[in-house]
Amino acid sequence: MATVMKEGLGLPLEKTLAYKLSQRDTTYDETGCYWGTKELTLKDQDPIKYEQFFSRLQSAVFAAREKARYVAASPGGREMGESVWALATAEGDTLAMSLGFISHCAAFPVSIKHMIDNDFEDNPGINDGDVFGTDDPLTSGAPHPGDTYTLVPIAVEGEVIAWACSVNHIMEAGAPQAGSWPVFTVDTFMDGFVFPPMKTGENLRQAKWWETLWMRRTRAGAMNILDDKMRLAGCSMIHGSIHEIAEEYGVEYYKQACKEIIEESRRMILDNMRSTLIPGRYEGSCFRISMLKGQQTIWKHADKNEMLHVHTMFSQDEKGGIVFDTEGSSRWGYHGFNGYPGGSDVGLYLGITTTFAHSCKASAGVNMNVESIYHEGSIYNPDTEFAACANIWAQSMQMQCLSSSAIHRNFFMRGYLEEAFAPEDSWDGVQGSGVLEDGTPYGFTNFEWVGGGAMGAYPFKDGTPCTWAQHTQLCNVGNSEEFEYLIPPLHHLGRKLEPGYCGHGKYRGGVGQSSVHWMQETGQRLGITRGGSATSMTTFLSSGMNGGYPAPGVITVTALNTNIPDLIKADGDTPTTAGEVLAYAAKGKLTGDITSWKYDPPEQSMGDNDLWANAAGASGGWGDPLERENSSVVEDIRIGQLPEDFAKTMYGVVATKDEDGMVTMDEAATKQEQDALYASRKADSKPAVEWWKEQKAKVESHTIREELLEMYRSSTSFAGYDKHYRNFWQLDDDFEI
Numbered sequence: 169m170a171t172v173m174k175e176g177l178g179l180p181l182e183k184t185l186a187y188k189l190s191q192r193d194t195t196y197d198e199t200g201c202y203w204g205t206k207e208l209t210l211k212d213q214d215p216i217k218y219e220q221f222f223s224r225l226q227s228a229v230f231a232a233r234e235k236a237r238y239v240a241a242s243p244g245g246r247e248m249g250e251s252v253w254a255l256a257t258a259e260g261d262t263l264a265m266s267l268g269f270i271s272h273c274a275a276f277p278v279s280i281k282h283m284i285d286n287d288f289e290d291n292p293g294i295n296d297g298d299v300f301g302t303d304d305p306l307t308s309g310a311p312h313p314g315d316t317y318t319l320v321p322i323a324v325e326g327e328v329i330a331w332a333c334s335v336n337h338i339m340e341a342g343a344p345q346a347g348s349w350p351v352f353t354v355d356t357f358m359d360g361f362v363f364p365p366m367k368t369g370e371n372l373r374q375a376k377w378w379e380t381l382w383m384r385r386t387r388a389g390a391m392n393i394l395d396d397k398m399r400l401a402g403c404s405m406i407h408g409s410i411h412e413i414a415e416e417y418g419v420e421y422y423k424q425a426c427k428e429i430i431e432e433s434r435r436m437i438l439d440n441m442r443s444t445l446i447p448g449r450y451e452g453s454c455f456r457i458s459m460l461k462g463q464q465t466i467w468k469h470a471d472k473n474e475m476l477h478v479h480t481m482f483s484q485d486e487k488g489g490i491v492f493d494t495e496g497s498s499r500w501g502y503h504g505f506n507g508y509p510g511g512s513d514v515g516l517y518l519g520i521t522t523t524f525a526h527s528c529k530a531s532a533g534v535n536m537n538v539e540s541i542y543h544e545g546s547i548y549n550p551d552t553e554f555a556a557c558a559n560i561w562a563q564s565m566q567m568q569c570l571s572s573s574a575i576h577r578n579f580f581m582r583g584y585l586e587e588a589f590a591p592e593d594s595w596d597g598v599q600g601s602g603v604l605e606d607g608t609p610y611g612f613t614n615f616e617w618v619g620g621g622a623m624g625a626y627p628f629k630d631g632t633p634c635t636w637a638q639h640t641q642l643c644n645v646g647n648s649e650e651f652e653y654l655i656p657p658l659h660h661l662g663r664k665l666e667p668g669y670c671g672h673g674k675y676r677g678g679v680g681q682s683s684v685h686w687m688q689e690t691g692q693r694l695g696i697t698r699g700g701s702a703t704s705m706t707t708f709l710s711s712g713m714n715g716g717y718p719a720p721g722v723i724t725v726t727a728l729n730t731n732i733p734d735l736i737k738a739d740g741d742t743p744t745t746a747g748e749v750l751a752y753a754a755k756g757k758l759t760g761d762i763t764s765w766k767y768d769p770p771e772q773s774m775g776d777n778d779l780w781a782n783a784a785g786a787s788g789g790w791g792d793p794l795e796r797e798n799s800s801v802v803e804d805i806r807i808g809q810l811p812e813d814f815a816k817t818m819y820g821v822v823a824t825k826d827e828d829g830m831v832t833m834d835e836a837a838t839k840q841e842q843d844a845l846y847a848s849r850k851a852d853s854k855p856a857v858e859w860w861k862e863q864k865a866k867v868e869s870h871t872i873r874e875e876l877l878e879m880y881r882s883s884t885s886f887a888g889y890d891k892h893y894r895n896f897w898q899l900d901d902d903f904e905i
């Protein structure tokens, strides 16, 4: 039979990317197996060779990460776990990943499919060693423009057999609001330097114009170029390694083995899901405030406050895979908290990848076992290509924490107590821009409370602080000194745990972290904002575990025109946490214009001796706080992680701490206080049916804040959630919400 050649490419049709993508989808639809791979032939014939082959692939991506970040990188790129290197098939399916951002296996196929579907093979061409870059949520699967990708095709005799892929969170995205997560955005034209998949270099070298774009379109151009070089350095290493492996094993073996690796991992991941999960419907809701009223006066359609609803339903399909439906989540709006399906999957896969690909080859096998449903028009799938996506993480982290919460409830029901905990990820990031005294402009993001947070409480022990991050296996808050030289005016007065800042319970969540930044030598201008996932106007998740309290959100405290020099001159006693800033102000020790922000503050113009403080990274509790051992409460007081007055309020423990740090509990007073708390609960409680009737009356009379009414109108514009809402409140079909 004559070989059919692809006109213009000089390749047989079956070696083109478009043909491979089509055949992959067709064979999977027909067989339910990746590329129709029903038998793992190579593995069965020679399992040692097969495992050695995969080990070589895995070593290539691990080596890329561990070397490239020391070749060139910003401090964030070098120190944090906010990066990943991967090897993907010609169609974009992940084969092997380094440590780090492994959920971005959901984004690579979006970028590569976009290039294939838009005939990049013909124009501009996809050749061995070409360099492509992207950060566009719509066309590349990036969650937001702060996550930037480099992709390098690996071709043998003109046939693309693989892609070397990398991503990292850059230091500044180039939006009107400086930083990595602009909050005050209206549409994609305010998201920053957004670029769809595009060829930026050849022969493993970036074009000169590419560096110019980074310098002209972002405030941290030098740092972003370093990260770009880091990503390409790692991809270059993977590129060289795969050529060596393909030559050693043969191209045909390489291509077939890759198909078997993904099919093998698909089966193993599905087995993990079947053996872990208990079939059912796991519903969850979260809320995220958007406070733009009075701040978007140029764009009247965006000048409003909104409450965003994140609603999810986690279940299993008939094969045992995961179905994750987000119907009822708010419609997209003129704010930065939207996202598109590829980036939403990156958020969703954070917990799923690490949970179910732990004992097998982490690959695109995850993608094939998860059906994510993002309804058109919602914050996860806008029915416009111009929705702003600068800070999707503000609510996609909640979405994926609801998924993780469902998974951990499954662990608990299965009896895996050592695996079950209350997952939350209320991170915060300080960002901004300025001009030094000599006229040098710069932009920045401080990642410290992004790289690590507290672990939630377990059913049998407290969570640990600062040791966990949902989005990476490489929890790392970075060194204080790194951020101080990256952001010259910001100096740490404190960088520690915030006492009492956790979800309380029989077992409490890990205590959250706090920083106090002192401004010195602010130059001609300094403006600071934040881009975190949570606010303290609402909790991060809507519930703790088994009666435990949810974690507090994120608090920001600004203190302008302070008397810090006087405090330093007097005795050097300056505030070291956000809580202490407020406490010192309450006592009159710290003076100035001091504000506690329960939502995203607008950009603050900062000068010398101003303070920016935040507290973040707390996690939820497990069980009733009144069931906590008194001795555990006393120990928390002793080590400074629980104020005495709050111990009485939350746990009913009456104790005092002397100057030597010794804690004494009054047993009689404690018994009396705890009895009073139980009695108060009983007096305040009511049958659920009474509560339901009271709340239904509010719904029917519309005696709810207008922002909440708008939220429910948005959510019930989706037919399934409208039915769900009406059934719960037993509303007539003609009732107008």
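Heads up: the sequence shown begins at 169 in our numbering, then just goes up one per residue. Backbone N, C-alpha and C fix where the C-beta goes; we use that ideal spot for every residue, glycine too.
- Under the DSSP assignment, Asn440 falls in the alpha helix (DSSP H) whose first and last residues are 419-444.
- Annotation: Leu604 is outside any beta strand (DSSP E) and is labelled neither H nor E by DSSP.
- Cβ contact annotation for Gly533 (same chain, cutoff 6 Å, sequence separation greater than five): Ile430, Ser433, Arg434, Ile437, in chain order.
- A Cβ-Cβ separation of about 6 Å places Leu779 in contact with Thr730 under the 8 Å criterion.
- In this structure, the straight-line span from the alpha carbon of Asn549 to that of Glu878 is close to 19 Å.
- Taken in chain order, the complete alpha helix (DSSP H) segments of 4 residues or longer contained in the stretch 493-564 are 509-524.
- Fully enclosed alpha helix (DSSP H) runs of no fewer than 4 residues occupy 856-869 of the stretch 844-871, in order along the chain.
- In this chain, the beta strand (DSSP E) harbouring Ile329 covers 327-337.
- Per the coordinates, the alpha-carbon of Pro667 lies some 7 Å from the alpha-carbon of Pro811.
- In the DSSP assignment, Tyr626 falls outside any alpha helix (DSSP H), carrying neither H nor E.
- The C-beta separation of Ile284 from Leu189 comes to about 5 Å, placing the pair in contact by the 8 Å criterion.
- Taking 4 residues as the shortest admissible run, the stretch 272-300 contains the following complete alpha helix (DSSP H) segments, listed from N- to C-terminal end: 276-285.
- The beta carbons of Ala702 and Gly671 sit no closer together than 8 Å.
- Between the beta-carbon of Phe363 and that of Thr302 there is about 6 Å, and that keeps the pair under the 8 Å contact cut.
- Annotation for Ile457: the continuous beta strand (DSSP E) segment containing it runs 450-459.
- Excluding residues up to 5 positions away in sequence, Leu181 lie with their Cβ nearer than 7 Å to the Cβ of Tyr187 in the same chain.
- Annotation: the continuous beta strand (DSSP E) that includes Leu779 extends over 779-784.
- Between the stretch 544-561 and the stretch 356-373, the count of C-beta pairs closer than 8 Å reaches three or more; the two stretches touch.
- In its chain, beyond the 5 residues on either side, Gly820 have a beta carbon closer than 8 Å to the beta carbon of Ala844.
- In this structure Ala622 touches Gly631 by the C-beta definition: roughly 6 Å separates them, less than 8 Å.
- For Thr613, the uninterrupted beta strand (DSSP E) run begins and ends at 609-614, by DSSP.
- In the DSSP assignment, the residues bridged to Phe482 are Tyr450, Phe492.
- Straight across, the Cα-Cα distance linking Arg698 with Thr742 is about 23 Å.
- Between the stretch 652-667 and the stretch 525-543 there are fewer than three inter-stretch CB-CB distances shorter than 8 Å, so the stretches are not counted as touching.
- The DSSP-derived three-state label of Ser683 is strand.
- Only exposed fits Trp859, as fewer than 16 other CB atoms lie within 10 angstroms of its CB.
- Ranked by Cα distance from Tyr502, the first of Ser483, Thr465, Ile490, Tyr517 is Thr465.
- Under the three-pair Cβ rule at 8 Å, the stretch 483-491 does not count as touching the stretch 256-267.
- If one requires a minimum length of 3 residues, the beta strand (DSSP E) runs lying completely within the stretch 703-766 are 723-728, 761-765, in chain order.
- Here Thr184 carries a coil assignment [DSSP, helix/strand/coil].
- A check of alpha carbon separations from Asp395 across Glu412, Gly245, Asp768, Gly402 identifies Gly245 as the nearest.
- Across the structure, Lys206 and Thr199 are spaced so that their CA atoms are roughly 8 Å apart.
- If you keep only unbroken alpha helix (DSSP H) runs of at least 4 residues inside the stretch 356-387, you get 376-385.
- Among the bridge pairs identified by DSSP, Ile406 is matched with none.
- The Cβ atoms of His685 and Val598 lie closer than 8 Å to each other.
- At the C-beta level, Gly309 and Gly620 stay beyond 8 Å of one another.
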